[in-house]
Amino acid sequence: MEKEWEEWKPVVYPALESKVKEFESLGYKNIHINEIWEMSIRQMKKHQDAPALHTIVQTILHMKAHDYMQQKTIESYKRIEEKKNYDDALEDILAQVSGNVAEKVD
1 MEKEWEEWKP VVYPALESKV KEFESLGYKN IHINEIWEMS IRQMKKHQDA PALHTIVQTI
61 LHMKAHDYMQ QKTIESYKRI EEKKNYDDAL EDILAQVSGN VAEKVD
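Going by full-length UniProt numbering, the letters in the sequence shown line up with residues 1 to 106, in that order.
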């Protein structure tokens, strides 16, 4: 199924480019076509199984800068939480390996 979605990417590439240029004209820098594409796919997969060209283009062109930034913020918070969980787990492992049973300091 994933291949079906990816087959549309070259076809809708001009819409993706247009959306990136639109966001850049609004002052948002470092926007990548792949990010717009991935966000569009995630949104469409919530509502349908098979892609349709008009739906893909409509989803891309109707994406708002606010929605894009909100998604990037959520992803950022998730990465911070994953790193925190990773750091806590690493600290526990190091304490066990070193034989140190000291309590963690928060």
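Even for Gly, the Cβ is constructed at its ideal location relative to N, Cα and C. Bear in mind that the values here come from a model prediction, so they are computed numbers and not experimental data.
Looking at the C-beta of residue i, does it have a partner C-beta in chain C at a distance below 8 Å?
{"i": "residue 85", "result": "Absence of chain C from the displayed structure is noted, only one protein chain being present."}
According to DSSP, simplified to helix, strand and coil, what is residue i?
{"i": "residue 8", "result": "helix"}
{"i": "residue 51", "result": "coil"}
Assuming contact is defined by CB atoms lying nearer than 8 Å, are residue i and residue j in contact in what I supplied?
{"i": "residue 16", "j": "residue 33", "result": "yes"}
{"i": "residue 65", "j": "residue 28", "result": "yes"}
{"i": "residue 36", "j": "residue 63", "result": "yes"}
Would you tell me roughly how many angstroms separate the C-alpha atoms of residue i and residue j, rounded to the nearest one?
{"i": "residue 38", "j": "residue 21", "result": "17 Å"}
{"i": "residue 68", "j": "residue 91", "result": "35 Å"}
{"i": "residue 88", "j": "residue 76", "result": "18 Å"}
{"i": "residue 105", "j": "residue 78", "result": "Interpretation of residue 105 is limited by its pLDDT of 49, a score under 50 that renders its predicted location unreliable; the figure taken from the coordinates is listed afterwards. Distance between the alpha carbons of residue 105 and residue 78: 23 Å."}
Alpha helix (DSSP H) containing residue i: first to last residue?
{"i": "residue 39", "result": "33 to 45"}
Spatial neighbours of residue i within its chain, please: CB distance less than 7 Å, with the 5 preceding and 5 following residues excluded, ordered by chain position.
{"i": "residue 59", "result": "40, 43, 44"}
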